Structure formats: C-alpha cells, structure tokens
Amino acid sequence: MNPTLHQVLVVFGVLFGLFGVGALLTWAERRLLALWQDRYGPNRVGPFGLLQVVADMIKIFSKEDWIPPFADKPVFVLAPLVIMVATLLSFAVVPFAPNIEIANLNIGLLFFLAMSSLSVYGVALAGWASNSKYALLGSLRAVGQMLSYEVFMGLALMGVVAQAGSFGLRDIVLAQRGLWFGVPQFIGLGIFFIAGLAETRRIPFDLPEAESELVAGFHTEYSGMKFAMFFLGEYIAITLIAALTVTLFLGGWLGPWLPPLVWFLLKTFCLVGLFILIRATLPRLRYDQLLELGWKRMLPLALLNLIVTGAVILWRKGV
Amino acid sequence: MFSILQSLWGVFQHTWRRRVTVQYPDRKRTLPPRWRGRIILSRDPDGAERCVACQLCAVACPVGCIALEAAEDEHGRRYPEFFRINFSRCIFCGYCEEACPTCAIQLTPDNEMGEYHRAGLVYEKNDLLIAGQGKHHGYNFYRVAGLQIGGKDKGAAENERPPSDVRSLMP
Amino acid sequence: MITVYVENQPYPVEPGDRNLLAVCLSLGFDLPYFCWHPALHSVGACRQCAVKLFKDESDTQGRLIMACMTPVKDGMRISIADPEAAAFRAGVVEWLMVNHPHDCPVCDEGGECHLQDMTVMTGHVRRRYRFTKRTHRNQDLGPFINHEMNRCIQCYRCLRFYRDYAGGRDFDVMGWHDDVYFGRHADGALENEFSGNLVEVCPTGVFTDKTMKPHPVRKWNLQTAPSICVHCGLGCNTLAGERYGKLRRILSRYNPNVNGYFLCDRGRFGYEFVNSPRRLRQPCLRGADGDRPAVGPAAAVARVAGIIRGGKAIGIGSPRGSLEGNFALRELVGPDRFFHGVPDRELELVRLALALARQGTAPLASLQEAAACDAVFVLGEDVTNTAPMLALALRQAVRHKPAELATRQRIHAWDSLAIRDAGQQAQGPCFIATADQTRLDDIATATYRAAPDDLARLGFAVAHALDPSSPDVPNLPPDLAAWAQRAADGLKAGQRPLVVAGTGGASAALLPAAANIAWALIKAGRPAQLCLTVPECNSLGSALLDGGGLESALAALRQGDVDTVVVLENDLYRRLPAAAAAELLAARHVIVLDHLATATTAAAEVVLPAATFAESSGTLVNNEGRAQRFFQVFVPEDGIRASWRWLADLIVAAGRAPAAPWRNLDELLSALSAAMPVFKDLRAVAPPADFRMDGQKIPRQPPRYSGRTAMTVHRDIHEPQPPDDADTPLAFSMEGQPGHPPPALIQRYWAPGWNSAQALNKFQQEVGGPLQGDAPGRRLLAAAAGAAPPYFADVPPAFAARAGEWLFLPAHHIYGAEELSSVSAGVAQRAPRPTVTVNDGEAERLGWAEGREVQVSVGDTVQRLPVKRSAQLPAGVAALPAGLSGQPWLPLPAWGKISTPSIPPVGGASATLRSMPSLRSTSSPASAPSAHSANQAPVPPGRRPGLQAGSSPSVREVPA
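Residue numbers (the numbering used here), protein chains in the order written: chain E, 27 to 345; chain P, 5 to 175; chain G, 1364 to 2323.
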C-alpha cells in the first residue's frame, strides 16, 4: 500500500475512531454505571440503547449555543477547543499496532506529557472566561490538581524509560516482549494510573467539577456544543490514559493469537472499564486529601521507585 | 488501600445481580393506596359532594395551585361553585388532603397525567369529582356538624339534642 | 409610672383607672378573653382571663382572679403562665366547647374567629365530652346578619353592644341555665342601624355577614386595603376586601378620632354596588344609530378629546367623587367652567357649614369628640338617618352621666355592669328638636317637633337664653321659651356641650341657629363644639373648590357658550328636577364618567367607566374637614379606571397640556396642594407612594393568600404578573413587609395567635387608645382663633301653615336615601316603601287611613304614594322620602298639594314603581288635583306645632 495513503488512512481512522469512541463512551459509562448499580441504564433507543448516543447528539446539536453576556467571549469559545486539541494531539504518538501509528517520535513520551500539560490551559481558561465564581473556583482547583499530579506522573514513567532505554513509545512496547513493565514497575503503574485519574479529573479526583459544591465547576456556564466538547475531551482523555497505560506497562499491542490491534483495544477498554468501575465505587476526595496524597505519598513513592529501578538497572549491568 | 480494592471488587460483583428497575411502560407496579398522585374530590355516603368549600386545602397548598369559590344552596349546604387545581403547579405534597376536614380532597395512586399542553393540566370540579368515597368510607361531615341543611334538621346530627325551646320553663 | 410585676418581671404602667386585662394586653401579653371588649368594657362573665395574683414576693400560693375585673395597682404581682391559672383557662374553654358545634369548615367566622384563637391559646386541643350537644333554632335576622345560635358561647357581648351601646330594643337574651338564647322575640330584621357590628363583636360565628354568605371568603383569601366609607359624610374608616374581582365585604377600621371600633349598617353593607350588574365596565360611544357599543379606551379618549378641543365644555363635579377626580375635571374644563354637581341650595348650605368651621370659634367635633361630649342639642337633623354613626356617638355622649354617678360611688369606669346598675335610668342631657320623630328620641331629655323654620327659631331662642346679647326671637310662645331655657340650662350644665345640625334639616336658618348656640356657649365659658352633617362623602371637600352649583351650570348652558357637558360621577336626575336635568343633558355633547348605569349615563354620548372607591385611590374630606385617603383594593379587569386618570388622558388628548399633568396620585396631590392653600397638607394625609417599610411595599394580600397559581389559569395558563401600583405604597401581592404599617396604611389586623379582628389590640399604643404611628388623615379646617364672630341675626319668621297646601320636607332614611348603597341588594331590601308622611290629626280629619294612596303634587311632579301617619310631625308639614331610588327628585322643602286620586291607576301599577329615567317625573295634567281639593280641610290659621316633651311614652324625662 502506498505509505502516504496508509498514513492518511491512519490519521483519519484514529481521529474518527476517537470521536466514535468518545461518543460511545457516554453510552458505555451510563450502561456500566447502571450495571454496577443494579439498573439498566439507557436501553430504550435502538438495540441496547445504543442509539441513545444519536439522540443525545441530536439534542446537543439543536441546543442554543449560548454564551453568557458576562463571559469573555473569545476565550470562552477557545477553552473547550484547547482541551479537545491537546488530548487528540497526544494520540499522535500512541502505537496502536506495529503498523498503525501516526508519528513515531523518539521523544513520544515527552510529547504526551507536554500535551497533557497543555490541557490545563483549557480548564483554566474556561473557568476564567466564564466570569462566574463557581467556574473560577473549579478551574483553580483543576490547575492546582493537575500541576501537582503531573510532577510525579512524569517521574513514575521514568522507571519505564530507564528500563526501555528510550522515550519512543514503539521502543517501549517492543522492550516489553519478555515481560510487561507492569510487573517490575508495578509501583510506577499504580502511580501513573492514579495520576491519570487526576489528570482526567475523574472520580475520585473530580473536584474541579464537584457538582455538590460548585454546580459543575469550570464548565458551569457551558452548554450545547461547547459543553459537548468538554465531555468528549474528557472521554478521549480517559481513552488516552488507558491507551498509554497499556502502551507503557501492559505490553501495548503484544499478545498471543489475536491480532495486535485487537489486543491493544481489548487492554485499553478493560482499563476504561476500570475507570468507570472506580467512578461507581469511590467517593470524592477532599481537596486537602487530594494534595496530601499527591505531594506526601505519591511523589516520595515515585522517587523511591525511580531510585530502586536505577539501582537495580545499575546492579544488573554490574557496575 | 485494601479496602478500596475490596470495594471495587464488591461493586464489580453487582454485574451479576438482578436489576431492580421495573421497565415502566411495559410493566407497571401496583402502587400503595396512600400514594400521592392525582387529586380527586370524593362524595359522602349519600352521594353528595363532600367538599364544603372551607378553603383550607387552598391555604395549605404551598404552591397555591388550588382555587375555589364557596357557595351555598338554598338549604344551607355549602359546596364549591368552582374548584380548580392547576396540576402544572401541583407538587403532590398531600397537604391539601391533610388539611381537609371532610375527607373530600384525596390523593390517588394515579400518576399518569402527562399532557402536551400545560392548559390540559388545569382540572375543574367536573374533572376532579369522583362517584365514590375514595379512601375514607362512611364519613359524612354534615352528620357531625351542627349546621342545618336540606334533609337534616337542627339537632338531628350525631350527639345532638333536639333544639331547645327557650320559652319553656322546664328545668 | 406604676410598676406591675408579671412573672416576677417589673413592667412600667401608666397610672390610671384601668383593669388588669387591658394592662396585660397593652403590655403585649397574650391573655385569653371573651366578654371584655375595649369599647364595651368589663363584666367578668366568661371567666376566661384568669390570672394568679400574689400578695407579695414571698407569696408562692397566690389566688386566681379575673383580670378584667381587677383594677391595676402599683406593685401588683401577677402570673399569667402560672400552671393553675393556665389550667383554669383551658378548663373554661373546654366547657365553652362542650356545646360548640363541629361547624368550623362551614362557618364564615372560621379563620378569623376569636374563639378559635383563644382555644388554641389556652391549649385545649382534644374533646373529652362525649355526650349530646344542645342545639337551637336560628332566626332570620334580616338581609344583613346571619344567625347560627348553636355556636354561641354566652359571652353576652352582642347584647351589651346591641342594647347598651347601640340602644337597640328588639334583641335580648332568653332562657336560663345552660340554655340561653340571644335573638329577637320572633324572626325579623334587626331594627338597629348598627346591627352589623355584631359580626365583629361576636367572638365566634353566631352573627356573620349575610351579604357575604352566598359566596363566603376566608380572611386569608381577601385582598384588603384601607378605605373610607362613601355612604355618608362622616368618613368612617373601613377595611375593604376583594376576591375574584368582586368586593366581598367591609369591616370597620379602627380610627380613634373618627369611627372608633364600629360602623353603621349602611357603611358595612352598602358596598355591594361595586359588584352590581349595573356597573359600567367598558367605555361606550353613541353611534349614529343611537346604539352605544363598547369601545377601547383609546377610541373613547380620542372621541372625547375631539369634542373638548372645541373649547366649549363645562364640567359638573361630584360630591361623592374624590377630591382628585373633581380637581382633574376642573383642570380639564378650566376653573371658571367647573360647576359642583349639587343644587345651588345644597352647595350654599355646605359652604355655610364650611364658613362656620373656618370663621366661628366653636370647632367642628369629630365623631369621637362628639361621643365624649356630655350635653347634646340636636337641631333639625335626623341624625340616625343622615349620619348614622353620629347617632351612635350621641348615644355614648348621654352615657357619661351614669358613668359620673357611678364614679361618685367609687365604681371603676370600666366596670360596665356596675355602672349600669348604679346609673339606672340616668342619662345625660340630650335635647332633640326635629320635624318628625327620630330614632334617637329614646335618649332625649326632651324633644320638640316643628317645621324647620320654627326649629331654627327655637335654636335662636336657646342661644338667646344662653347669651342675651344674641338676637332675640320675636313672638316666642312662653312654653317654647321655657323649653329653650331648659335646653340652655342643660347645655350650660355640661362640661363639653355639643350642638348638632346639618344640611339634612332642610332649612338654611338651622345652621346659623346652631352656630349661635355653640358660640353663645363658648362665650359662657363652655368648650362647646359644633357637629355639622353634610349630605355626601366628599360634599365638604368638593365644596372647597370654587364654582357654582347645578343651577349655575344650567344658566351657563342657557347663555349659549356651552356645547359640551362633562359629568363626573353624578346622576343629575338625583339632583335636579327631571326637566332641568334633561335640559342640561340635552347639550350637544354629553360625556359622563360614572360607576353605574343611571338616567344620566343613558343620555350621554360618551360614557367612561369610572372606578369606585374600591378600584382607585383618592382623598375624601369628611364633615369635620378631615381629609382621609382611601386605597385601591383591587384592579378591575375591565376598562374601569379612576376618573382622574381618564381626565388626565383627556387633558393631554384635548391639547390642554403637552404631557400628562399627573402620572400618579402623588403628582396630582402636589398639583392640588399647590393650586389651593387649603389643600397644602393633602400629601401628609397618608404616606406617599414611595414610602417603604424596610425597603418593601406593604402587601394587600395576607401571607396565606391562596390560589395564586390557579385563580386565572382557566383563561390563560400563564399566570399574570401582579399589577403595579404607582399611586400607593401598597402592593397587589402577598410580597412585602408583613409588619405593622403606619395607621393610614393598615390593611388588615393580624398578629401571631390573633387571627380575628381582636388582633387590633396589637396595633394600638395601648388597648383602646391611639394606633401606633402617626394618626391617619389631616384636618384641613381649623376654628378661627380670637374674637367671636358676630351672631347671626336673621331669625326666620314663624312657620305659617297654608290652607290646602303642605310644606313637604325630605325624610331621609339610612337605607335608600344614599345613591350608591341603595343599589346594594341588602340595603335595598331594608329600604322603606315610598310614602308621604302626614300629621296624624290631619290624616284623621281628612279620613286618610294608613296606607291609603294619595296623589302628591309638588311643582310639576305628581306621584301617587301611600299615606303614612305620624303622631309627631307638625300639621301643615308633610314628609316625602329623600333620594329613594325610583322616586323623582324634588326640590324639597317645597310647598305642594295632597289629594285623593280620582281614578285608581290602571292595572294597579303605581307611579312609584316606575324607574325608567324618562318616566321618573310625571307631569300629568290629566290627574288634576282640583276634583278632590274639596276634601281637604283647611288648616286652622295660627295653628302651632306642639311641644311634645314627656308626652310620648318613648320620651323620657330626666330631671337635670
């Protein structure tokens, strides 16, 4: 196949695939939550309620695109875009399968970390531009939370990098052919996953949205399409964190019998399911508990993990 | 940490549980008789309107969705000339039923009153009045009250002596 | 200040002769009571106000006393909350409830019932008595009062009000032990003019308002506003309540300077005209075909503006319209083209009353001042029928004497039963000189019956007896001189004498005579007061504006410079002879603003529906010159607007002013007070529209107003926004400051735990005293200071009867004489049948039995009326009903003839039944009286009206 055509197909496949996944996750989350709460969830529209997604889309597209008169209009419009774009861009470096990858950067991991940091802007700008106290409080919380958790998120990955000897994600996957990094780096896996929950502002770290205190946090004033973009951004971010966890710790596309892409998607959606199971189970943390967990527990643990990993690698090299 | 995992596992176990949801339009539950649904006006055992238009339900209503006007027939019996409930405002709190001294206004288990137009939710006396006594059987306010109405003379109510003759000198 | 200890806490109390109950209530304590009433005082009948009295601080036992029968003393220690006292009170209520029927849901008193309040207050919640209840048959007490005797708790308040306070005789208590009955000896309307107060006096639902009974409304569902009664010139304060766009009832609004706690039946039950089917509800224009379809307000205003722009309009004001309406009309047509809507004669009388108030030394008495007087002289006025509440005040005036006798025996002033026993039949001096018997004769020391001019002569004679420098009356018969001397002595003996006269007495000489008496008393060092009645609610106020009366308007029309007549709230057929009214209404354009369809509106080219007192806010000036504000109760749903708003629109549309001269009531009042100095205080009558309590308006609806999301949804599912009120600080809403507003704005009486009208106690500075805050209303007139004016000297000649003719006097009647109230169903039912009253002796001689139909001709007007014989009306004088609906207007007093009709009326239809305006006056040459004039025996010349003091069983003689 023409490599250019292949590349174009991959790019659009990933883009529309992600949109599809994001949309479907709105349905899947409701169904799974219902499942774990002994309910049915949306089951009236189409088979298994699958067309609920379509119904929701019709509804959300036909809603008035309302911008509050007190909002900072350009920034207000920009904020959801920033989140969407930053999250989507991260997928550029994710190797879905040996031959399905948009860009094989040798600093792929750093690119992901950079992009996930950018999405903080989206939240901060949304809260600021809304010009409402709930939104501002929500975005302040989000900024504090995401900056804190990014620190050890990066540190937790350094063990993997050290073991694989590369920042390139393809190399990292290939380096797990013997043993998934999830086994030696189980601490890094745990820390990365927790940090990922915080980065995506999911329960139990959904303080920026905290419905019971802040109405809806940073997106209080959003409705219609812009609100949908926030939500799509969140679901794609969940998928991203799941995909990266799979790539970095759970052997990426590697696996017996099944085609690589299937293995990748299977592992990814299991993790997405775990995200939703956590939402169904855990209550929200208090803000001080959140920061304490980050700075006092996770950060030292990540450093310890890095030191031990480094020591073990050096020891094995026989220095 | 362990308890979190335990909880996750516990929640995950719900995957195999029975659903509690009743698939409503396909299957319907039997609602208890004291369910607070559509409001009706009942009749007393003699088949006459129980409502005496005392306006207590209206004043008890926290959203003010009951409006009525009292009137009196030629024999002194009170009844509502009109009795209107705006169900588009009703919150089905049941205060009207609690306030009613004659057991006339009652809430029923019927709750399927959806309308495409709000105006359809305005119920007049004709829409509210039922043929029977509703939940409270046997109560007839005028059998207890001292008021004289058609068919019941003074002193003919329960626990009443016949009207006294003030001109009598008997002790 | 003395100190009273309640629950061991010291409270400062004004020293004075007061009972403990009044003191406790004044201090704000909730102490239950039934039989006590601030105006009726104590009898200690109900045993409900029991409290514990302790000897001193070491006394822990105490003893139960009745607070209402215990005088307050310095250092007194009582306990209201004492368990024994509380249990006693709960027990008393439980006994009272033993026979009380299970009626509250169908009782009109429910929700504002003193018995309910007191039962809750004492904590009696469960019925233990399980035996049978005693029942009673009810009586039909007429169109005003509903009777439900089962509910009675035997507090005796009704009896004490009806008999002792209001002087009624046809109501009493019957039976004995636990079986007493309050009622009449047989079914029938309560005769007393103040029977409506039983509704408020009765602590429970024995007496309820029958006019509201067809559609009872609870107190919490009424939208209420403070108002002023429009049915006579006294300006009693009322509370008017509305529900579903209809005025539902009138309650008395306490004003310690005017009506106090009570109202007359005309004022209380005359409100129904507001809901009358005769109400004009849309503007109407007469088309080319004579038909008058309803049109929108814009079309009506445009049409009228086009007419008025011609510039040849005159305005005819109204004595029953507000000051604002009259002033707006005056601004529309110009001051020199504004005429008062009353005959010149009546206008002159009212202006004379005004002059007496301004120039004389005797101040005009308010109703409460009249009640405080201790010697009364009524000259020529049938007070009960022309100014009913004044009669109630006079009844109180004569009760000072027994109270004084009792005080000498060290009986407390509030111990009403003891006073009654001590005073026995004693009554203060009250001299009544009128043409015919009056309803006040039972309290008269002496009465005198004569023709109006003779009454005036008597008045001059009394003044002369008081002060010989006042003009003497020539040819005064000696017995009359003795009567005058006795009256003079009686008045002089009083500490606060009062002279009552008015415009209803039909003689221009009566007012000067009354003034002479008052001035003579002042000269003799007595603080005498004058009380002058005026015919209508704003007679005095509108007379303060310049301009002539109706005859002047007619003259202006005849001069030809007038092509348009604008009539404000006036039925000219009730003010002028039919021919004159028709002439005035035959102008090229006639524009009428009024409430009701009348003969005048029937003749109009444009009819604009004017708001009544309940639908607009405005100012009325009562008979003592007190300007008082009435407030809009509700917003009518039709095209009805306040007259002054119509007129303001017309002023703009007719090009008289570039913009609306007044956009709201306050701007109009400012313009009015700037235009005439007498009105300078007008804005101070009540708080202005921007007045706020805690930044909020005062709600017209109680916090429990119900049905607001269902009242209108049958028409439109979207609930309307409450209308804005730009004129007053009151809101058509339940939102606002629920506290105690200033007295002029009190819209209802309610306090926590006090749902009945007795909550008023919480609004007074002290029970029975002034209200908290500035007194409502402002007196615009003040008596002149300094030298006494010269006495009036034009003593009229003695009345000379004419052979074959009678002097017809107007006989006023409380029900029916007033235009608006007579439209109300209840009042109309009590209205008398039109009769012609003649002297008993004359009727005997002419062979006229009571009820015999005769033909009465006054001027061109001939009517057939049944004869009513009066033992007291002087010979040569006859009385015709004044203002009775369906009767032609007559320029009374006037000379006329009575004859027996030659042919009975065809089909038995009496002329008196015809009410069509065109048929009102019958100028019938066919029924010439000459045929039977021979039947009439001439009145012997020189015949003089008799003195009747002591000659009638109804007149009591009290040695002065």
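Backbone N, C-alpha and C fix where the C-beta goes; we use that ideal spot for every residue, glycine too.
Note that the coordinates shown come from a computational prediction; the quantities given were computed from them, not determined experimentally.
(request) Consider the Cβ of P/R165: report whether some Cβ of chain G lies at a distance smaller than 9 Å. (result) yes
(request) Give the residues of chain P in contact with G/V1469, contact being defined as C-beta atoms less than 7 Å apart. (result) V56, C58, R82, A149 and L151
(request) Check the Cβ-Cβ distances between G/P1566 and every residue of chain P, and say whether any is below 9 Å. (result) no
(message) Can you confirm whether E/Y160, when its beta carbon is compared against all beta carbons of chain P, has any partner nearer than 9 Å?
(response) no
(request) Measuring only between beta-carbons, confirm whether E/A306 sits less than 9 Å from chain P. (result) yes
(message) Suppose contacts are defined by Cβ-Cβ distances below 9 Å. Is G/A2245 in contact with G/A2194 by that definition?
(response) no
(message) In the DSSP assignment, the beta strand (DSSP E) including G/S1615 goes from what residue to what residue?
(response) K1609 to S1615
(message) I want to verify the contact list: residues of chain E whose CB lies under 9 Å from the CB of P/H18, in sequence order.
(response) L61, W62, Q63, D64 and A306
(request) Since I believe G/V1996 is in contact with G/A1603 (beta carbons under 8 Å), could you give me their beta-carbon distance rounded to a whole number of angstroms? (result) 5 Å
(request) Run down chain E in chain order and give the residues with a C-beta less than 7 Å from the C-beta of P/R23. (result) D64, R65 and Y66
(message) Within 8 Å, do at least three Cβ pairs link the stretch 1579–1599 of chain G to the stretch 1744–1757 of chain G?
(response) yes
(request) Assign E/F122 to one of three DSSP states: helix, strand, or coil. (result) coil
(request) Kindly indicate if chain P contains any beta-carbon less than 9 Å away from that of G/D1550. (result) no
(message) Going by C-alpha to C-alpha distance, which of G/N1618, G/W1583 and G/G1623 sits closest to G/R1611?
(response) G/W1583
(request) Put G/K1415 into one of helix, strand or coil per three-state DSSP. (result) strand
(request) State the Cα-Cα distance for the pair P/L133 and P/N90, rounded to the nearest angstrom. (result) 15 Å
(request) Using a threshold of 9 Å, state whether the C-beta atoms of G/A1413 and G/A1430 are closer than that. (result) yes
(message) Could you pull the DSSP bridge partners for G/N2202 from this structure?
(response) G/S2233
(message) Taking 7 Å as the limit between beta carbons, can you name the residues of its chain near G/R2067, skipping five residues before and five after?
(response) W1583
(message) For a quick check, are the C-beta atoms of G/A1826 and G/A1876 less than 9 Å apart?
(response) yes
(request) Below 9 Å between beta carbons is the criterion; list the residues of the stretch 287–312 of chain E that meet it against any residue of chain P, in chain order. (result) L300, L303, I304, A306, T307 and L308
(message) Let's test the definition: count the other Cβ atoms within 10 Å of the Cβ of P/Y28 and tell me whether it reaches 16, buried, or not, exposed.
(response) exposed
(message) If distances are taken between C-alpha atoms only, which option among G/A1735, G/S1681, G/P2251 and G/Q1372 comes closest to G/A1402?
(response) G/A1735
(message) So, for G/F2155: in the same chain, excluding its five sequence neighbours on each side, which residues have a beta-carbon less than 7 Å away from its beta-carbon?
(response) P1875, A1878 and N1879
(message) Any beta carbon of chain P sitting closer than 9 Å to that of G/R1493?
(response) yes
(request) On a CA-only basis, which of G/D1535, G/D1542 and G/Y1528 is nearest P/C166? Give me that one, please. (result) In the sequence as presented, Cys is not what sits at residue 166 of chain P; that position holds Pro. Ranking the options by Cα distance to P/P166, first place goes to G/D1542.
(message) On the DSSP bridge list, what partners appear for G/V2240?
(response) G/L2170
(message) Along the stretch 1442–1462 of chain G, where does the CB come closer than 8 Å to a CB of chain P? Name the residues.
(response) none
(message) Going by beta-carbon coordinates alone, are G/R2324 and G/E1932 separated by less than 9 Å?
(response) No answer is possible for residue 2324 of chain G: it lies beyond the span of chain G, which begins at 1364 and ends at 2323.
(request) Name the residue from P/E101, P/T25, P/L45 and P/R47 whose alpha carbon lies nearest to the alpha carbon of P/C65. (result) P/E101
(message) Report the CB separation of P/L111 from P/G98 in whole angstroms; it is logged as a contact under 8 Å.
(response) 5 Å
(request) Take G/I1671 as the anchor and find which of G/A1918, G/L1695, G/D1957 and G/S1681 has the nearest alpha-carbon. (result) G/L1695
(message) Checking 9 Å against the spacing of the C-beta atoms, do G/G2140 and G/S1685 come in under that value?
(response) no
(message) Just to confirm before moving on: does the CB-CB distance between G/R1666 and G/V1930 stay below 9 Å?
(response) no
(message) Along the chain, where does the beta strand (DSSP E) containing G/W1539 start, and where does it finish?
(response) D1535 to W1539
(request) In the DSSP assignment, find the unbroken beta strand (DSSP E) run with G/W2258 in it and report its ends. (result) A2257 to S2262
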